[in-house]
Amino acid sequence: MDTVVYFDFAGGRGEALRQMYRYAKVEFTDKRVKGETWPAMQKEGLEDGTLPFGQLPVVHFAKEDRWVAQSRSLLQLVGERLGLAPKDDKGKVSAMQLLDCAEDMTSRLYTGMRLKREGSALPDAMAAKNTKDCIMMAKCMDKMISGPYTCGAEPCYADFAMASLVALMGQLERTDIIEACPKLRAMANLFQQ
Numbered sequence: 026m027d028t029v030v031y032f033d034f035a036g037g038r039g040e041a042l043r044q045m046y047r048y049a050k051v052e053f054t055d056k057r058v059k060g061e062t063w064p065a066m067q068k069e070g071l072e073d074g075t076l077p078f079g080q081l082p083v084v085h086f087a088k089e090d091r092w093v094a095q096s097r098s099l100l101q102l103v104g105e106r107l108g109l110a111p112k113d114d115k116g117k118v119s120a121m122q123l124l125d126c127a128e129d130m131t132s133r134l135y136t137g138m139r140l141k142r143e144g145s146a147l148p149d150a151m152a153a154k155n156t157k158d159c160i161m162m163a164k165c166m167d168k169m170i171s172g173p174y175t176c177g178a179e180p181c182y183a184d185f186a187m188a189s190l191v192a193l194m195g196q197l198e199r200t201d202i203i204e205a206c207p208k209l210r211a212m213a214n215l216f217q218q
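So for the sequence shown, my numbering puts the first residue at 26; every next one is plus one.
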């Protein structure tokens, strides 16, 4: 049985992986890491190879006894293994572009969130530019959605990443961005039913 290892909260880069296994009805071990145990686990994982880049999420593929890291790579690999990958080249290209765009937006959102948690903030001009960029990217992603899901009639790994991104925007109360992408919101709502 595969193991998804990520921090102990519903959200972030690891949640899409958890959702994919659940959606596909494939059993997996959901190993949740508590914040206080992370520094020791990271050190050990770098030494023993269970954390190839010293980051989470990681997935242990039991069949191959192999640890794999990097969110977007994992989404694509797990999606292919679970039958949640686009079937044609057009869909694959759309899914890859959407994953990269979602990562760009997520990085911008996490930067603001991290600075706020540390008692700091982005300079006003940078925060305004990040918001403007995120709204532009959200509108572009919205244009790419070609059906109820990002790549048509069936869900693929990009949908789980997009649903996670919409959830993150909701947690951060970024209605300004969410309102710019009605198709993306509607698609994310399909996973809530």
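All C-beta atoms, glycine included, are put in the ideal place defined by N, C-alpha and C.
Closest by CA to residue i, which one among the options?
i      : options                        : result
GLN95  : GLN44, PHE216, GLN80           : GLN80
PHE216 : VAL118, GLU89, ARG43, ARG133   : ARG43
ALA211 : ALA110, MET187, LYS88          : MET187
VAL118 : GLY177, GLU89, GLU61           : GLY177
ILE160 : ASP201, ARG133, LEU193, ARG139 : ASP201
PRO82  : GLU89, ASP73, GLN67            : GLN67
THR28  : MET138, GLY172, HIS85          : HIS85
GLU89  : MET26, ALA192, ILE203, LYS208  : MET26
GLN122 : ASP149, ALA163, ARG142         : ALA163
GLY195 : GLU143, THR131, GLY144         : THR131
LYS208 : PHE53, ALA120, PRO173, PHE34   : PRO173
ALA205 : LYS59, ALA153, GLU72, CYS165   : CYS165
ILE170 : LEU197, GLY60, LEU124, PRO148  : LEU124
THR175 : PHE53, LEU197, GLY116, ASP129  : GLY116
PHE34  : LEU76, LEU193, VAL93           : LEU193
ALA152 : GLY74, PRO180, ARG199          : ARG199
Is residue i near residue j, with beta carbons less than 7 Å apart?
i      : j      : result
GLY39  : TYR31  : yes
TYR182 : GLY104 : yes
ALA127 : LEU190 : yes
ASN155 : ARG139 : no
Put residue i into one of helix, strand or coil per three-state DSSP.
i      : result
ARG199 : coil
ALA94  : strand
VAL58  : strand
PRO77  : coil
ILE160 : helix
VAL51  : coil
ALA146 : coil
How would you write the range of the beta strand (DSSP E) that residue i sits in, first residue to last?
i      : result
LYS68  : Segment 63 to 73 is the alpha helix (DSSP H) holding LYS68; no beta strand (DSSP E) there.
THR28  : 28 to 32
ALA178 : Taken as a continuous stretch (DSSP letters only), ALA178 belongs to no beta strand (DSSP E), as it is neither H nor E.
VAL84  : 83 to 86
Can you give the beta carbon distance from residue i to residue j, rounded, assuming they're within the 8 Å contact cut?
i      : j      : result
PHE185 : ALA41  : 4 Å
VAL93  : LEU100 : Contact doesn't hold; Cβ gap of about 11 Å is too wide.
VAL51  : LEU102 : Not quite, the Cβ-Cβ distance comes to about 14 Å (not below 8 Å), so this is no contact.
Answer yes or no: does any C-beta atom of chain B fall closer than 7 Å to that of residue i?
i      : result
MET187 : Within the model displayed, chain B is absent; a lone protein chain is all it includes.
Could you check where the alpha helix (DSSP H) with residue i kicks off and where it finishes?
i      : result
GLY116 : 114 to 142
GLY108 : Taken as a continuous stretch (DSSP letters only), GLY108 belongs to no alpha helix (DSSP H), as it is neither H nor E.
LYS208 : 207 to 215
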